[in-house]
Amino acid sequence: MPIATELITHLLNGLVLGLLYAVIALGFMLILGTMEVINFSHGALFALGGYLALALQPHVGWWAALALAPVGVGLVGLLMEFGVRRTYGRDPLFGLLFTFGAALAIEELIRIVWGSRGYTISAPAFVAGPFQAGFFFYSKYR
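Okay, structure coming up:
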């Protein structure tokens with residue numbers, strides 16, 4: 010493989026990974042800015058969305074799972090906010106401790122329900138195969 014092709018591949022992989030980090034960071038900052046609490050459970054909720062999509066995809070299809078998983082995670086977030094956090098007030102220390110505990114509980118729930126091994130969801134047909142731009146090929150499913 011020519012060096013230019015490898016360089017472009019690595020640059021695109023870095024760009025895709027950076028965009029994923031940006032989406033996670035934007036969600037974290039949105040929670041911090043609107044609720045004024047540092048949400049330690051943000052990553053666990055992100056993972057829960059992936060596992061919900063994994064569980065829903067065989068039953069409702071790829072697109073519906075992609076739409077329903079964030080709704081499910083949003084309902085968990087609402088339960089956390091209205092069921093527990095508002096009951097005990099807006100003390101910043103409580104927010105830190107509660108979201109840290111929620112992260113541990115969600116991670117353990119994921120281990121209980123889905124186990125500790127990795128899973129994959131089959132890519133839909135429209136993203137199968139490579140994208141070609143001149144001499145360069147890049148996977149559509151990134």
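Per my numbering, the sequence shown starts with residue 10, numbered consecutively. We treat Cβ as the ideally placed atom computed from N, Cα and C, and that holds for glycine. Values in this document were obtained by computation on a predicted structure and should not be read as measured data.
With which residues is residue 148 paired in a DSSP beta bridge? 139
Figure out for me which residue from 19, 56, 32 has the closest Cα to the Cα of residue 111. 56
Would you call residue 48 buried or exposed, if buried means 16 or more other Cβ atoms sit within 10 Å of its Cβ? buried
Three-way DSSP call (helix, strand, coil) for residue 25 in this model: helix
Once the 5 residues before and after residue 97 are set aside, which same chain residues still bring their CB inside 8 Å of it? 103, 107
Have a look at 54, 16, 14, 41 and flag the residue whose alpha-carbon is nearest the alpha-carbon of residue 113. 54
Residue interval of the alpha helix (DSSP H) (run including residue 120): 101 to 123
Assign residue 125 to buried or exposed, taking buried as 16 or more other Cβ atoms, counted over all protein chains shown, within 10 Å of its Cβ. exposed
Terminal residues of the alpha helix (DSSP H) in which residue 60 lies: 51 to 69
With C-beta atoms as the reference, is residue 63 less than 9 Å away from residue 147? no
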